[in-house]
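Residue numbers (the numbering used here): 1 to 382.
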């Protein structure tokens, strides 16, 4: 039996959905280019892909809190969050979402207002996927290698839906040389993780690698996490929770390894909070592993929040970036670095094909992850 549902990013709005309608889809049709040769009796048609799919819907409620929560969820829904427009067993992914509140309508009884809202969700594709996850559920302290197997029970060829890994340090090694092996087809994901980082791959091949710290660990542990004194040297400074003082001639650079290339869509980004400042500390970056090409950005560091995009590194494999205090001093309470990459070679399994997925690391590796989560979903034509 099919159970009606409508939800986005975990918030269900089925109970306030307009009873006279259902979520209305549009788009998802083919884009083509047609041409014919002189004297021919037929046309050539070039497949240019499919358009995005949009879903529009109206909601009504006498509870203003419900309508405000609905609008807030649409306006703040993260990119590629789960969206269920019809029934509870099938989902798709929202690329963009938007919600508005229209003028309230007096209730027939005259003592209440009916709040009307309108929502729009735009998705990358027209397909649907099982709401129930298969794969490797979220695990802490996962030893490598680790494998999972199943069968593609859908009607679409299927890649992994989601993969999240966090690196660890053990026995003198960082988690290194990570491969995704999909039905005996190996794909190198990364040459080296960072302890406590977050490396995420989605079903479309988008990769986001993030490291953030409030200096929860002692200095030597934080230094080891990012690769040693080549990348973190506070130059006789000090380090405690939410308080890293980098003295003159120090540095705090976060190394992000390839081989996947840096995306052209979003530049690597550094975000940090400065509590004290002296001289001219700089935000610097390098694309050589040995940091021989280290250079400064044009950003002038200020007290409070600083957000810096690293320029002209699209297509690079290795990049390290962060703070350099050759000409100053700086104290920070928080630092976050993010690099977007892309995976062009996405292995898939055909409908009915057996699936075996292995996450493995190299010989000179810690052979463990601080965390792992891998999701596979069967997909369907709709």
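By construction, the Cβ of each residue, glycine as well, lies at the ideal position given by its N, Cα and C atoms.
Beta-bridge pairing by DSSP links residue 212 to 336. Within a 10 Å sphere around the beta-carbon of residue 364 sit fewer than 16 other beta-carbons, which makes this residue exposed.
Closest in C-alpha terms to residue 303, from the list 295, 333 and 310, comes 333. Residue 257 sits buried, since 16 or more C-beta atoms from the chains shown fall within 10 Å of its C-beta.
Look at the beta carbons and you see the stretch 158-167 touching the stretch 188-205: at least three pairs across the two are nearer than 8 angstroms.
Setting aside the 5 residues that flank it on each side, residue 50 is surrounded in the same chain by 28, 29, 30, 31, 125 and 126, each with a C-beta closer than 8 angstroms to its C-beta; the list follows chain order. In this structure, residue 175 keeps its C-beta atom at 9 angstroms or more from the C-beta atom of residue 147. Secondary structure remark: continuous alpha helix (DSSP H) runs of at least 4 residues inside the stretch 212-293, in chain order: 219-225. Ranked by Cα distance from residue 79, the options 67, 90 and 95 are led by 95.
Secondary structure note for residue 112: it is in no beta strand (DSSP E), with a DSSP letter that is neither H nor E. The beta-carbon separation of residue 360 and residue 179, rounded to 5 angstroms, stays under the 8 angstroms limit for a contact. A distance below 6 angstroms between beta-carbons, with the five flanking residues on each side excluded, links residue 133 to the following residues of its chain, in chain order: 375. Less than 9 angstroms separates the beta-carbon of residue 294 from that of residue 285. Residue pairing by DSSP places residue 128 opposite 380 in a beta bridge. Inclusion of residue 355 and residue 231 in the CB contact set at 9 angstroms is not warranted, their separation being larger than that value. The distance from the Cβ of residue 322 to that of residue 251 is about 7 angstroms, consistent with a contact at the 8 angstroms cut-off.
Secondary structure at residue 69: helix, using DSSP grouped into helix, strand and coil. A check of alpha carbon separations from residue 60 across 17, 47, 238 and 34 identifies 17 as the nearest.
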